[in-house]
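Peer 1:
Numbering (our numbering), first residue to last: 70 to 315.
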């Protein structure tokens with residue numbers, strides 16, 4: 070499960086609990102004949118749900134804009150600050166989540182040593198299998214981006230202890246040629262979802278798949294999608310200069 074999916078799941082759970090409480094109030098007031106309070110309760114419910122979704126959208130948009138900056142510094146500072154807040158709220162594995170996201174940002178920008186440093190700051194043996202799998206995903210991406218080492222990436226993924234397949238792992242499988250048709254379709258959908266690291270990696274992986282499949286037009290299309298999602302994506306070939314009109 071990706072970080073955005075986790076965020077949506079947690080906020081959705083909170084919204085569901087809040088909605089249950091509010092609906093209980095509606096039913097209770099109706100049972101006692103207090104119908105005047107029902108519209109106010111429903112209005113508060115709609116306002117609360119709208120505020121939650123607006124917060125999700127604003128945070129997602131802020132991350133997207135940060136990926137258009139020339140360095141990952143703002144992104145990594147953001148994740149570190151979020152980690153401090155999460156620790157204050159005693160949210161488990163917040164340091165592992167922040168290290169994963171920070172390392173992913175550094176990897177996208179080609180700062181591979183920095184990505185390794187972010188990962189090294191966490192004792193992964195103390196984290197659940199899901200988070201240990203996230204670490205191996207980042208290391209597999211570094212192997213592919215830095216040295217084009219498909220064998221190393223495959224070895225890392227084969228040793229992944231997690232029994233789930235997040236989008237990032239699916240993209241790696243597409244990139245190294247180990248994905249089935251369902252995974253390829255899933256990554257195709259993910260590649261069209263806005264900007265940032267995940268859609269960029271998905272589009273990059275699909276460009277490799279298209280190249281192996283002898284589809285040069287698709288290679289160019291997916292490469293352009295990856296560059297649009299993350300303009301400073303270091304693993305992409307240099308953009309072709311635009312010719313001036315005669």
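Just so it is clear, CB atoms sit at the ideal spot from N, CA and C, and this is done for glycine as well.
What you are looking at is a predicted structure, and each value in this text was computed from that prediction instead of being measured.
Do you know how far the Cα of residue 301 is from the Cα of residue 246?
Peer 2: In a straight line, the C-alpha of residue 246 is about 25 Å away from that of residue 301.
Peer 1: Measuring only the C-alpha atoms, how far is residue 237 from residue 167?
Peer 2: Those two C-alpha atoms are separated by around 16 Å.
Peer 1: Buried or exposed: where does residue 139 fall if 16 or more other Cβ atoms within 10 Å of its Cβ makes it buried?
Peer 2: Classification of residue 139: exposed, given that the 10 Å Cβ count is below 16.
Peer 1: Among 276, 297, 242 and 191, which residue has its Cα nearest to the Cα of residue 263?
Peer 2: Measuring from the Cα of residue 263, the nearest candidate turns out to be 297.
Peer 1: Looking only at C-alpha atoms, which of 232, 218, 221 and 285 sits nearest to residue 200?
Peer 2: Here the closest residue by C-alpha is 232.
Peer 1: From residue 181 to residue 171, what does the alpha carbon distance come to, in whole angstroms?
Peer 2: Answer to the nearest angstrom: the Cα atoms are 11 Å apart.
Peer 1: Determine the direct distance from the alpha carbon of residue 286 to that of residue 73, and round the result to whole angstroms.
Peer 2: Any reading at residue 73 must be qualified, since the residue scores a pLDDT of 46, below 50, and its modelled position is unreliable; the value itself is stated next. One C-alpha to the other measures close to 31 Å.
Peer 1: So, for residue 223: in the same chain, excluding its five sequence neighbours on each side, which residues have a beta-carbon less than 6 Å away from its beta-carbon?
Peer 2: For residue 223, where only same-chain residues beyond five positions count, the Cβ hits under 6 Å are 245.
Peer 1: DSSP three-state label for residue 196, please.
Peer 2: Residue 196 falls in the coil class under three-state DSSP.
Peer 1: Residue 281 by DSSP, collapsed to three states: which one?
Peer 2: The answer is helix: DSSP assigns residue 281 an H, G or I state.
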